[in-house]
Amino acid sequence: MSKKDILIVGAGPAGMSAALNAQNDGWNFELIESKEEGWFPRVSVDSHYTVDNYLGFSNVSGTELIKKFQEHLRNNEIIPSYEKVRRINRINNVFLVETDKDTYETKSLILANGTKQKRLNVPDIEQFLGKSVFYYCVPDGEQFRDKKVFVVGGRNTGAVTALYLNKLGCDVEVIEKDPQLNAKSKYASKILSAGIPYRTETEIVTLNGDKNLESITLRSPLGLENVVAEGIFVCIGLEPNNDLAKHMEVDLDKWGYVVVDSHMATNIPGAYAAGDITGNLKQIVVAAAQGSIATYNIGKYLREKCKE
Numbered sequence: 009m010s011k012k013d014i015l016i017v018g019a020g021p022a023g024m025s026a027a028l029n030a031q032n033d034g035w036n037f038e039l040i041e042s043k044e045e046g047w048f049p050r051v052s053v054d055s056h057y058t059v060d061n062y063l064g065f066s067n068v069s070g071t072e073l074i075k076k077f078q079e080h081l082r083n084n085e086i087i088p089s090y091e092k093v094r095r096i097n098r099i100n101n102v103f104l105v106e107t108d109k110d111t112y113e114t115k116s117l118i119l120a121n122g123t124k125q126k127r128l129n130v131p132d133i134e135q136f137l138g139k140s141v142f143y144y145c146v147p148d149g150e151q152f153r154d155k156k157v158f159v160v161g162g163r164n165t166g167a168v169t170a171l172y173l174n175k176l177g178c179d180v181e182v183i184e185k186d187p188q189l190n191a192k193s194k195y196a197s198k199i200l201s202a203g204i205p206y207r208t209e210t211e212i213v214t215l216n217g218d219k220n221l222e223s224i225t226l227r228s229p230l231g232l233e234n235v236v237a238e239g240i241f242v243c244i245g246l247e248p249n250n251d252l253a254k255h256m257e258v259d260l261d262k263w264g265y266v267v268v269d270s271h272m273a274t275n276i277p278g279a280y281a282a283g284d285i286t287g288n289l290k291q292i293v294v295a296a297a298q299g300s301i302a303t304y305n306i307g308k309y310l311r312e313k314c315k316e
């Protein structure tokens, strides 16, 4: 069993920032990630998606930014441990963290395991996944050139995806269940100027086709309509990876995000959270800042604990 001062679950922007600060402060820590090093949500690393609000980087792609983050960790000899956390239990004021490879005993922990993509609730969607239905990720978009495709979701990600597909030469249309598109004005205006059609108060009812998608049935205030569709890109938002938090009985808000105070502390002594899992503004710069705040306050917690 490995013993740690701090165990960080998730090596996205929040977890990476927390690890750097833990190292600088001299703590014995472990950074655990079940995906690839420096994992970001796919929407953040697609080459067509630019990050325009990270100080010091002007319109950098998510792919470029993640490489910078990875390089920073490597330069500090921080190597994530690639394991999947199965469960976390608090026993006698320490946490026992069981993974698929090891068991850790840690005095404190940071939940920085982020979010996952919301799934589209449409019958038989599984048979089309990876072939004509995709979540966020645009594969080889060239395969959809001159074909009719729909982007489900009219927020920022949906708008960016629609603009990208339009640039590739796809016949793209946006579907939004709300009465209006909810993307930032800069994206919404680009949708309009590009002449990309969109439908509001509209949802997909069925996906139609045998081996390949051929059409979709839409429901709107006007009724049901069957339209030709060869590709669907689902961008309907994110939901928290809160299974570990639930098992620990960490307080969650009504949307399932971890409730934290200004110190990034949860209701469980020694348990902190940072990044998108807290439900705050979902931006890389915010997640990185929260990781730093969490580590700083864990340091205060651990020093007080040592006095006991």
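Its first residue numbered 9, the sequence shown is counted upward by one per residue in the numbering used here.
Heads up, the beta-carbon is just placed ideally off N, CA and C, and yes, glycines get one too.
Considering only residues of the same chain and omitting the five flanking positions on each side of residue i, which have a CB-CB separation below 8 Å?
i: methionine 256; result: Ile96, Asn97, Arg98, Ile276, Ala279
i: leucine 117; result: Ile14, Leu15, Ile16, Val17, Ile96, Phe103, Val105, Gly278, Ala279, Tyr280
i: threonine 123; result: Pro49, Leu246, Glu247, Pro248, Asn249, Asp284, Ile285, Lys290
i: phenylalanine 142; result: Gly239, Ile240, Phe241, Val242
i: isoleucine 204; result: Ala170, Leu171, Asn174, Val180, Glu181, Val182
How should residue i be labelled, buried or exposed, when 16 other C-beta atoms within 10 angstroms of its C-beta is the threshold for buried?
i: aspartate 251; result: exposed
i: glutamine 188; result: exposed
i: glutamate 181; result: buried
i: glycine 161; result: buried
i: glutamate 184; result: buried
i: lysine 11; result: exposed
i: asparagine 121; result: buried
i: glutamine 298; result: buried
i: glutamate 150; result: exposed
i: glutamate 41; result: buried
i: serine 140; result: buried
i: valine 38; result: As written in the sequence, residue 38 is glutamate, which differs from the valine given in the question. Its Cβ being crowded by 16 or more others within 10 Å, glutamate 38 is buried.
i: alanine 253; result: buried
i: serine 55; result: Low confidence applies to serine 55: its pLDDT is 49, below 50, so where it sits in the model is not reliable, and the reading given next is rough at best. Serine 55 is exposed by the Cβ-count criterion.
i: glycine 70; result: buried
In chain order, what residues of the same chain have a beta carbon less than 7 Å from the beta carbon of residue i, not counting five sequence neighbours either side?
i: lysine 219; result: none
i: leucine 310; result: Asp13, Lys115, Ser116
i: alanine 22; result: Ala120, Ala282, Gly283, Ala295, Ala296, Gln298, Gly299
i: lysine 156; result: Asp179, Val236, Ala237, Glu238
How far does the beta strand (DSSP E) with residue i in it reach, from first residue to last?
i: aspartate 13; result: 10-17
i: glycine 34; result: Unbroken run through glycine 34: none, as it is neither H nor E.
i: proline 229; result: Counting along the chain, proline 229 falls outside any beta strand (DSSP E), and DSSP gives it neither H nor E.
i: leucine 246; result: 246-248
i: leucine 260; result: Note, leucine 260: premise wrong, no beta strand (DSSP E); not H, not E.
i: asparagine 216; result: 211-216
i: isoleucine 204; result: That residue, isoleucine 204, is in no beta strand (DSSP E); it is neither H nor E in DSSP.
i: glycine 239; result: 239-242
In chain order, what residues of the same chain have a beta carbon less than 6 Å from the beta carbon of residue i, not counting five sequence neighbours either side?
i: serine 228; result: Glu209, Thr210
i: threonine 303; result: Ala26, Asn29, Ala30
i: lysine 126; result: Ile244, Gly245, Glu247
i: threonine 169; result: Val159, Phe241, Cys243
i: serine 300; result: Ser25, Asn29
i: leucine 73; result: Val59
Which residue comes first and which comes last in the alpha helix (DSSP H) that contains residue i?
i: leucine 289; result: Per DSSP, leucine 289 belongs to no alpha helix (DSSP H) and is neither H nor E.
i: leucine 252; result: 251-256
- Task: Note down, one range per segment and in chain order, each alpha helix (DSSP H) of at least 4 residues found wholly within the stretch 39-123.
- Result: 50-53, 70-83
- Task: Within the stretch 116-193, note down every full alpha helix (DSSP H) run reaching 4 residues or more, in order along the chain.
- Result: 164-176
- Item | Unbroken stretches of the alpha helix (DSSP H), 4 residues or longer, contained in the stretch 262-286 | none
- Query: Any chance the stretch 60-78 sits against the stretch 230-244, with 3 or more Cβ pairs inside 8 Å?
  - Reply: no
- Can we say the stretch 129-141 touches the stretch 191-200, given the rule of at least three CB pairs closer than 8 Å? no
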